[in-house]
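With positions in the sequence shown counted from 1, the corresponding number in my numbering is that position plus 8. Take a look at the structure below.
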Amino acid sequence: MDTSRILIVDDESGIRQSLSGALQDEGYACAVAGTGEACLAELENSSYDAVLLDIWMPGLDGLETLARIQQLPVAARPAVIMISGHGNIETAVRATKLGAFDFVEKPLTVDKVSLTLKNAIQHRRMEVELETLREEEGMPEILGASVPIKALRQQMKITAGTNGRVLIYGESGTGKELVARAIHRYSQRAQGPFVEVNCAVLPEDLIESELFGHRRVANGTPDIKIGKLQKAHGGTFFLDEVGDMSLRTQAKVLRALDEHRFEPVGASRPVQVDVRVIAATNKNLEKEIERGNFREDLFYRLNVIPFTVPPLRERAEDISVLAEHFLHEFSVAYGRRPKELSKDAVEALVAHHWPGNVRELRNLMERIVILNPSPRVEARHLPLEAARRAMAARVGEGSGSLQEVKEAAERDYILRKLEETNGNVTRAAELLGLERSNLYRKMKSLGILGKE
């Protein structure tokens, strides 16, 4: 695992040294600078994953230094976390607009700084990966040549350049977020941020703070959180699984959409925002309205441009293209030999119902790349009911060699025993009446790898 490199910039030597020592104990590689000028000089000579940057410094202050850092190319630009002993809402807002990932108050705690760093570094690496894709390969498109996908791409091209709100319908795993990101990428706001909130995973007591931010005072120390809606200013705000949002939060979102402003939790003054809103749901919102679970007025605000992402079972001709794409992606990612799908494997994939849609297919291809050493993926390598039925049909028709039929039967029986024991090879060997070493050799020969 690579060690993340952190640059700590503060004019107080005691803070520089104590914070550096604490973060090194957490596994980070740290360097320090006492001025904004020294920070910029260090960034010219070395690369860092994140910068902890004090706001109030002599000479080039933190905000001016932040603005200079944002001029660096994406690949060389670290995530910036502002630190200050003098909490000020206007300063925090300005820092966020200038590109700071977050704003933390002194006195600093190792837990808070470490968690913020972890999130900032993850966000920065994602930005670098996306920029690399833009420059070298172009962003990945919505793959497929089926009629529903061609129609979806055409609709995206027509509407992406507008500011109209978009509501994306589709089952879980169909790729609604990918569509939302593509719309943002081709929009006039492409240079602005794309900020996502998943309404299904945030608890009710946290979602308002996550969306709108908060202004609090704890033990005399200001606690300022910039909400995701404010972070999306000038860009796109993506409300994923909007059908899971509570009625109370729906009312605040509705007001923010109507007035283009909102009040953070605990604040006395509103914040103006300019965002394009894209929402997505796996629910039938009109039925949710009838049940009293979703506001009709919010539905009409969001449903300006409706999109429907088709389930994978309705675009069967795209399955082989997607499967091969994911096999290539994971083979490169894990440094494995390229793999190809046999004809019977493709037939088994097409025959599967895919309740988890594209996400299920992607996860299956990752599993195949990790666990199956063979460069050719056969139907017998696929842990799908459709693949087992296809093999059974071949046996019933008398097709395939005796050895193929024997191996298919053995593999199916061993897989069932492994499923019964939750992948425990030792327990499965006991049920099969085999020595563990013999079972492991048999599994390897059949292209099965279990848990150690």
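By construction, the Cβ of each residue, glycine as well, lies at the ideal position given by its N, Cα and C atoms. Please read all numbers here as calculations on a predicted model, not as lab measurements.
Counting along the chain, Val155 sits inside no beta strand (DSSP E); it lies in the alpha helix (DSSP H) bounded by residues 155-167. Checking the DSSP bridge columns, you'll see Glu348 partnered with Arg384. Within the DSSP bridge table, the entry for Glu204 names Phe246 as partners. Going by beta carbons, Leu71 and Val88 fall outside the 7 Å limit. Secondary-structure assignment with DSSP links Tyr308 through no beta bridge to anything.
Membership of Ala100 in the alpha helix (DSSP H) is indicated by the continuous run 97-106. In this chain, the beta strand (DSSP E) harbouring Ser92 covers 87-92. Ala208 counts as exposed, since fewer than 16 other C-beta atoms from the protein chains shown sit within 10 angstroms of its C-beta. Taking C-beta separations shorter than 6 Å and ignoring five residues to either side along the sequence, the partners of Val118 in its chain run Ala30, following chain order. A Cβ-Cβ contact shorter than 7 Å links Gly243 with Pro201.
By the Cβ criterion, the stretch 114-132 is not in contact with the stretch 281-289, since fewer than three pairs of Cβ atoms, one from each stretch, lie closer than 8 Å. Per DSSP, Thr316 is one residue of the beta strand (DSSP E) stretching across 313-316. By the Cβ test, the stretch 161-179 is not in contact with the stretch 104-112, since fewer than three Cβ pairs between them sit closer than 8 Å. Counting C-beta atoms within 10 angstroms of its own C-beta, Lys452 has fewer than 16 neighbours from the protein chains shown and is therefore classed as exposed.
Pairwise C-beta distances place the stretch 325-334 out of contact with the stretch 178-185, as fewer than three of them are shorter than 8 Å. For Thr73, the uninterrupted alpha helix (DSSP H) segment begins and ends at 70-77.
The beta strand (DSSP E) runs lying completely inside the stretch 105-130 and spanning 3 residues or more are 110-113, given in chain order.
Assignment of Asp62 by DSSP, reduced to helix, strand and coil, places it in the strand class. Leu15 and Glu52 have their C-alpha atoms some 12 Å from each other. In the three-state DSSP reduction, Val283 falls in the coil class, being neither helix nor strand.
Distance from the CA atom of Leu262 to the CA atom of Phe245, rounded to whole angstroms, is 14 Å. When the beta-carbon positions are compared, Ile191 and Ala168 come within less than 7 Å of each other. Taking C-beta separations shorter than 8 Å and ignoring five residues to either side along the sequence, the partners of Ser21 in its chain run Gly42, following chain order. Taking C-beta atoms as the reference points, Pro314 and Leu440 fail to come closer than 7 Å. Looking only at Val155, Arg375, Thr99, Lys351, the smallest Cα-Cα distance to Arg344 is reached by Arg375. The continuous stretches of alpha helix (DSSP H) do not include Val40, which lies in the beta strand (DSSP E) extending over residues 37-41. Under a 10 Å Cβ-count criterion, Leu123 is classified as exposed, with fewer than 16 other Cβ atoms of the shown protein chains found around its own Cβ.
With fewer than 16 other Cβ atoms inside 10 Å of its own Cβ, Gln280 counts as exposed. Pairing Met65 with Asp33, the inter-Cα distance amounts to about 26 Å. In this structure, Leu68 sits near Glu45, with a CB-CB distance shorter than 7 Å.
The Cβ atoms of Lys239 and His222 lie no closer than 7 Å to each other. About 7 Å separates the beta carbon of Ala58 from that of Arg132, a gap short enough to meet the 8 Å contact definition. Leu335: member of the alpha helix (DSSP H) spanning 327-341, first to last residue. For Val261, there is no enclosing beta strand (DSSP E); the enclosing alpha helix (DSSP H) has its first and last residue at 255-267.
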